[in-house]
Amino acid sequence: MTPMITLNDSIRIPQLGLGVWEIPADETERAVSEALEVGYRHIDTAAVYGNEEGVGRAINNSGIERDDIFLTTKLWNKEQGYDKTISACEDSLERLGQEFIDLYLIHWPCPDFDLYLDTWRAMEKLRSEGLVRSIGVSNFLPEHIDRLLANCEHAPSVNQLEVHPSYQQREATEAATAAGLAIEAYSPIGRGDDLSLEPVTQIAERTGATPAQVILGWHLAKGHIVIPKTVTRERMVENLAATEVRLSAEDIAAIDALEAGNCKTSHPSEFHVV
98 MTPMITLNDS
108 IRIPQLGLGV
118 WEIPADETER
128 AVSEALEVGY
138 RHIDTAAVYG
148 NEEGVGRAIN
158 NSGIERDDIF
168 LTTKLWNKEQ
178 GYDKTISACE
188 DSLERLGQEF
198 IDLYLIHWPC
208 PDFDLYLDTW
218 RAMEKLRSEG
228 LVRSIGVSNF
238 LPEHIDRLLA
248 NCEHAPSVNQ
258 LEVHPSYQQR
268 EATEAATAAG
278 LAIEAYSPIG
288 RGDDLSLEPV
298 TQIAERTGAT
308 PAQVILGWHL
318 AKGHIVIPKT
328 VTRERMVENL
338 AATEVRLSAE
348 DIAAIDALEA
358 GNCKTSHPSE
368 FHVV
């Protein structure tokens with residue numbers, strides 16, 4: 098069974114889920130349906146991915162009680178601002194075919210726009226109205242978190258960040274954790290690049306786990322929520338089995354030492370694509 102984490106707002110989230118970034122819209126329903134069939138109960142999408150409809154259809158056709166599935170989506174940059182955020186959430190709900198979203202995230206801080214505080218007020222309203230159960234952020238650096246915490250009623254529950262062995266964002270993850278936010282890791286295996294690193298391969302050989310399971314096991318041991326992406330049923334099963342991996346303190350320390358600044362995305366202070 099997938100372990101659960103209790104967020105700072107008392108909402109419980111499965112620690113391992115399926116991310117659907119870059120899964121084409123016409124493949125998404127099949128991929129999410131298979132993930133739910135093999136045991137996933139946490140699906141992560143975003144408005145900008147263009148595949149919310151497929152995610153929603155898979156959930157609605159799964160035969161699984163809606164309360165047993167944790168669904169995350171994200172507000173895209175061009176929709177920041179109070180009124181636009183409210184409308185964007187309603188649009189996501191319509192595309193998903195859902196009455197509520199479990200976790201709604203501000204996708205990027207876009208500090209050049211200087212709208213994330215107004216956006217957060219709208220997120221708090223959506224939470225108070227029950228359209229979303231939990232609200233959080235993505236790609237927020239310590240300065241963005243500090244400013245938000247100084248100007249909010251409800252703290253974010255999650256900061257979703259690019260985190261993997263060769264890019265651990267320790268300053269951002271430590272600051273968020275100290276403020277009570279859970280860390281959710283995207284691109285958790287470095288888009289495949291970290292799979293061939295030693296000691297990952299050595300630990301995999303010694304334990305009988307795959308390199309992907311070793312890295313996912315490292316994330317889970319560190320308390321990260323993790324959302325690996327895959328479109329193949331076999332890989333879904335493999336990733337889900339990472340919840341059974343048990344790493345020693347020495348194994349975790351060896352993977353910790355792999356930090357190399359190997360960023361796969363963009364710096365949050367500079368990224369403002371709409």
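Positions in the sequence shown are counted from 1; adding 97 to them yields the numbering used here.
All C-beta atoms, glycine included, are put in the ideal place defined by N, C-alpha and C.
query, result
"The stretch 143-155 / the stretch 344-358 touching (three or more Cβ pairs under 8 angstroms)", "no"
"8 angstroms contact criterion, which T142 and T99 should meet: CB distance rounded", "Not quite, the Cβ-Cβ distance comes to about 18 angstroms (not below 8 angstroms), so this is no contact."
"Straight-line gap, G160 to T125 (C-alpha atoms, nearest Å)", "17 angstroms"
"Candidates D123, H139, Y264, of which the one nearest N359 by Cα", "Y264"
"Inter-residue Cα distance where the pair is L292 and I312", "8 angstroms"
"Rounded distance between the beta-carbons of Y283 and E444, thought under 8 angstroms", "Nothing can be reported for residue 444: it is not among the residues displayed for the chain, which extend from 98 to 371."
"Sequence-distant residues of its chain with Cβ nearer than 7 angstroms to F197 (five each side left out)", "G227, L228, V229, R230"
"Segment contact, 8 angstroms Cβ cut-off, at least three pairs: the stretch 235-252 with the stretch 210-223", "yes"
"Candidates E119, E281, C249, R288: closest to Q257 by CA position", "E281"
"Nonlocal neighbours in the same chain, by C-beta distance under 7 angstroms from G277, ignoring five residues either side", "N105, A252"
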